[in-house]
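Here's the structure we're looking at; comments come further down.
There are 2 protein chains.
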Amino acid sequence: MISQISIIGSGNLAWHLAPALENVGYKVNDVYSRNREHAAKLVGRLYNAEVKDNLDYSESTSDLIIIAIKDDAIEDICTELIIKEQCGVVHTSGTQPISVLGYVPTEHTGVIYPLQTFSKSKSVSFEEIPICVEAMTSTLEEDLKILSGKISKKVVKMDSHDRRLLHLAAVFACNFTNQLFHISKELLDRRGIEFDLLHPLIRETVEKSLNLGPENAQTGPAARQDYEVIDTHLSYLSQEEELSSLYELITKLIIQQTSRE
Amino acid sequence: MISQISIIGSGNLAWHLAPALENVGYKVNDVYSRNREHAAKLVGRLYNAEVKDNLDYSESTSDLIIIAIKDDAIEDICTELIIKEQCGVVHTSGTQPISVLGYVPTEHTGVIYPLQTFSKSKSVSFEEIPICVEAMTSTLEEDLKILSGKISKKVVKMDSHDRRLLHLAAVFACNFTNQLFHISKELLDRRGIEFDLLHPLIRETVEKSLNLGPENAQTGPAARQDYEVIDTHLSYLSQEEELSSLYELITKLIIQQTSRE
Numbered sequence: 000m001i002s003q004i005s006i007i008g009s010g011n012l013a014w015h016l017a018p019a020l021e022n023v024g025y026k027v028n029d030v031y032s033r034n035r036e037h038a039a040k041l042v043g044r045l046y047n048a049e050v051k052d053n054l055d056y057s058e059s060t061s062d063l064i065i066i067a068i069k070d071d072a073i074e075d076i077c078t079e080l081i082i083k084e085q086c087g088v089v090h091t092s093g094t095q096p097i098s099v100l101g102y103v104p105t106e107h108t109g110v111i112y113p114l115q116t117f118s119k120s121k122s123v124s125f126e127e128i129p130i131c132v133e134a135m136t137s138t139l140e141e142d143l144k145i146l147s148g149k150i151s152k153k154v155v156k157m158d159s160h161d162r163r164l165l166h167l168a169a170v171f172a173c174n175f176t177n178q179l180f181h182i183s184k185e186l187l188d189r190r191g192i193e194f195d196l197l198h199p200l201i202r203e204t205v206e207k208s209l210n211l212g213p214e215n216a217q218t219g220p221a222a223r224q225d226y227e228v229i230d231t232h233l234s235y236l237s238q239e240e241e242l243s244s245l246y247e248l249i250t251k252l253i254i255q256q257t258s259r260e
Numbered sequence: 000m001i002s003q004i005s006i007i008g009s010g011n012l013a014w015h016l017a018p019a020l021e022n023v024g025y026k027v028n029d030v031y032s033r034n035r036e037h038a039a040k041l042v043g044r045l046y047n048a049e050v051k052d053n054l055d056y057s058e059s060t061s062d063l064i065i066i067a068i069k070d071d072a073i074e075d076i077c078t079e080l081i082i083k084e085q086c087g088v089v090h091t092s093g094t095q096p097i098s099v100l101g102y103v104p105t106e107h108t109g110v111i112y113p114l115q116t117f118s119k120s121k122s123v124s125f126e127e128i129p130i131c132v133e134a135m136t137s138t139l140e141e142d143l144k145i146l147s148g149k150i151s152k153k154v155v156k157m158d159s160h161d162r163r164l165l166h167l168a169a170v171f172a173c174n175f176t177n178q179l180f181h182i183s184k185e186l187l188d189r190r191g192i193e194f195d196l197l198h199p200l201i202r203e204t205v206e207k208s209l210n211l212g213p214e215n216a217q218t219g220p221a222a223r224q225d226y227e228v229i230d231t232h233l234s235y236l237s238q239e240e241e242l243s244s245l246y247e248l249i250t251k252l253i254i255q256q257t258s259r260e
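So, in C-alpha cells, the structure goes:
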C-alpha cells in the first residue's frame, strides 16, 4: 500500500501531479530537482513537503518515488538513486521503456504515463486524463492502479511496447496536426487573411472526427476525388517542393482510405 | 434591398441556411432541387415556401437567388436560369470563382461562403460561422454584407483568389488533420488500443494551438530535435513507405520551423 510519495522533478507534469496526489490523500514528503529553486516553487504548492537536496532515500518513509523528468535524464538519475529495497520507483515517460529503470536497486519498478500535455500556467483536471500503468511486480501494479484510479477515471494497463506505439500515434494526431495548422496559418499570412477565420471550422472538424470516428468524417476534395480542385491546389503550391509533396502524399492516403471503405 | 429569397439546392448547407435566413426576417419563397423530394423536405422546415419545379424566375418576387449546390453543378444550373435583370444571384462555394456565374443574365452576381462543415442531422449556430462575401456590383455587395451580418457575427469581404487560398488552408487544417487522426487510429487498432485514449490529448492540443497560435504550441520529438525517439518511430514504420515518408516530411517541416523561430 502506497501512502507516502517522493517526487523527482519539478517540470510541467510534476507541477500538476504532486498537488493532484495530495488532493486524493497521499502525503508528498519531498521534491528533488536539479534546479533547487524549481523544487522550492513546487514545494510551495504542497501542504507539508520539503525540498530534497540529494538522491539518498535510505532514511525516507516514502513508499513510492515518482521520477517526472525529461526522458533522456531518467537513466542517469537512476544510477544515483539510493533507496530501500521495498520502495517502488516509477517514471512517467511515454517513450522510455520500463527497463530504463533497470539500475534502480528494487524489483518494484514501474511506469505511470498520464496521456496529456501540461503547461505550468494552465490548470488541469486529471479526472479526464487517461493514465497508462505498467509494473515489474504485481504488488506495485496493484498499487499503481489504485493510485492512478484515485486521480483519473481512465486507467489502462499497458506494456512498454504498446506505450511507445501510443506515443507514436500521439505524434501523428497531435504534434503533426499542430504542424498542419501552422502550414495553414502561413498560407493565409501571405495574403493577410487571419487564421482565426478557420477556428470554428477546425473545432467542428475535430469534434466531428472524434465523435463519428475519423474514418466516417472525411470530407473535402480528396475524399470526393475532385481532381479539378486538387490540381488547382497543387498548381498553387508548385513552387514549394515540400508543401506540394505533403499535399500529394496526404491526398493519396485519403483517396486510398476513402475508396477502401 | 433584399427581402425575398429563392433557394436552389437542398443539400447540407441549404438545409441550415434557409431556416437561418427566415429567422432573421427574410422571406424564403421557394426551393428548387434536382431531387424534388429533397426540396419538399427542406420546404417542410420553412414557414411559407414552395417547391419550385423549374428554373424560370421571370415572374418571381425574389430579390436574390442563392445557389447552394455541388461545385461542379453550378455552371450548368446557370445556363438554365431565367431571371429578371435586377435580381441578384449568388453561389456558396469556397472553390468556385465568382466568374462561374458569368452565364447568368444579370450583373448582380456574387458569393456568400460560410466557412463551416454542415450535416443535416446536426444543428448549427450561424452566429459563430465566418461568412466571406464577394459581389460584382457595389449594390449587391452592400446587400450581401447586410444579409450575412444578420446571421453571422463575422463577415469578411474576400475575392475569389483569396477564397480559394482560404479553401486550400482549410484542406490542410481540416481534411488533412482528419487523415492524421485516421492514421493514428489505425496504428492503435493494430494492437487493440482504443483511439478514445487520445481524445483528451487531441482536444487539449487543438485548443492550445488555436489559443497560443500553432507557431507557439509545438511540442514533441521533432520540436525538441530528439533524434533518438524520431529514429525509434521511423524504424517502427520502416515497412510502410507512405507512413514513413509522411513522418519524415512533417518532422523535417517542424524542425525547420521551430529552429527558425
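So the sequences go chain by chain: A and B.
Taken in order, the first sequence gives residues 0 to 260; the numbers are from numbering that gives the first Met the number 0.
Taken in order, the second sequence gives residues 0 to 260; the numbers are from numbering that gives the first Met the number 0.
C-beta atoms are modelled at their ideal positions from N, C-alpha and C, and glycine is treated no differently.
If you're wondering where the values come from, they're calculated on a predicted model, not measured in any experiment.
Proximal chain B residues relative to residue i, where beta-carbon distance stays under 7 Å
i, result
"L167(A)", "L186, H232 and Y235"
"T204(A)", "T116, C173, T176 and N177"
Under 7 Å between C-beta atoms of residue i and residue j
i, j, result
"Q217(B)", "N11(A)", "no"
"Y102(A)", "C77(A)", "yes"
"C173(A)", "L200(B)", "yes"
"T136(A)", "E185(A)", "no"
"I73(B)", "V89(B)", "no"
"V170(B)", "G219(A)", "yes"
"L248(A)", "L245(B)", "yes"
"G93(A)", "R202(A)", "no"
"H37(A)", "S5(A)", "no"
"L187(A)", "A168(B)", "yes"
"H160(A)", "L209(B)", "no"
"I1(A)", "L146(A)", "yes"
"V23(B)", "V205(A)", "no"
Closer than 7 Å at the beta carbon, the chain A residues around residue i
i, result
"D75(B)", "Those within 7 Å of D75(B) in chain A number zero; the least Cβ separation is about 14 Å."
"V170(B)", "G219, P220 and H232"
"H15(B)", "The premise fails here: H15(B) is roughly 12 Å from chain A at the closest Cβ pair, so nothing lies under 7 Å."
Residue i versus residue j - alpha carbon distance
i, j, result
"G43(A)", "S151(B)", "47 Å"
"S118(A)", "R223(B)", "16 Å"
"I130(A)", "Q238(A)", "45 Å"
"T257(A)", "I64(A)", "48 Å"
"Q3(B)", "N28(B)", "7 Å"
"V99(B)", "V155(A)", "55 Å"
"K40(B)", "I229(A)", "33 Å"
"I253(A)", "A67(A)", "38 Å"
"L143(B)", "E79(B)", "23 Å"
"V123(B)", "H15(B)", "7 Å"
"L20(B)", "Y226(A)", "33 Å"
"E126(A)", "Y25(A)", "16 Å"
"K121(B)", "M157(B)", "28 Å"
"R259(B)", "P213(A)", "32 Å"
"T108(A)", "F180(A)", "39 Å"
"I81(A)", "L54(A)", "6 Å"
"T250(B)", "L233(B)", "11 Å"
"K153(B)", "D195(A)", "10 Å"
"D70(A)", "A17(B)", "55 Å"
"P104(A)", "R35(A)", "25 Å"
"G191(A)", "I97(B)", "21 Å"
"K83(B)", "L139(B)", "15 Å"
"A13(A)", "Q95(A)", "17 Å"
Proximal chain B residues relative to residue i, where beta-carbon distance stays under 9 Å
i, result
"S244(A)", "S244 and L248"
"L164(A)", "L186, L187, R189, R190, I192 and Y235"
Chain-ordered neighbours of residue i on chain B, where CB pairs are closer than 8 Å
i, result
"K263(A)", "Any question about residue 263(A) goes unanswered here, given that chain A covers just 0 to 260."
"E241(A)", "L248, K251 and L252"
Per-residue burial, residue i [other beta carbons within 10 Å of its own, 16 or more giving buried]
i, result
"K51(B)", "buried"
"L114(A)", "buried"
"Q255(B)", "exposed"
"K207(B)", "buried"
"V30(B)", "buried"
"L211(B)", "exposed"
"T91(A)", "buried"
"T116(A)", "buried"
"D62(B)", "buried"
Contacts of residue i in chain A (Cβ-Cβ under 8 Å)
i, result
"I97(B)", "Result: empty, since nearest Cβ-Cβ is about 15 Å, beyond 8 Å."
"Q256(B)", "Q178 and H181"
"I201(B)", "A172, C173, T176, V205 and L209"
**Q.** Near-chain B residues of the region 206-231 of chain A (beta-carbon distance less than 8 Å), N- to C-terminal order
**A.** K207, S208, L209, G212, P213, E214, A216, Q217, T218, G219, P220, A221, A222, D225, E227, V228 and T231
- Short-range partners of chain B found in the region 104-129 of chain A, where Cβ spacing is below 7 Å: L114, Q115, T116, E127, I128 and P129
Quiz prompt | Residues, ordered as in the chain, of the region 80-95 of chain B that lie near chain A by beta-carbon distance below 9 Å | solution = T94
Task: Members of the region 33-57 of chain A that neighbour chain B once the beta carbon cut-off is set at 9 Å - done: Cβ contacts with chain B: none found.
- Would you list, in chain order, the members of the region 151-162 of chain A that have their beta-carbon closer than 9 Å to a beta-carbon of chain B? K153, V155, M157, H160 and D161
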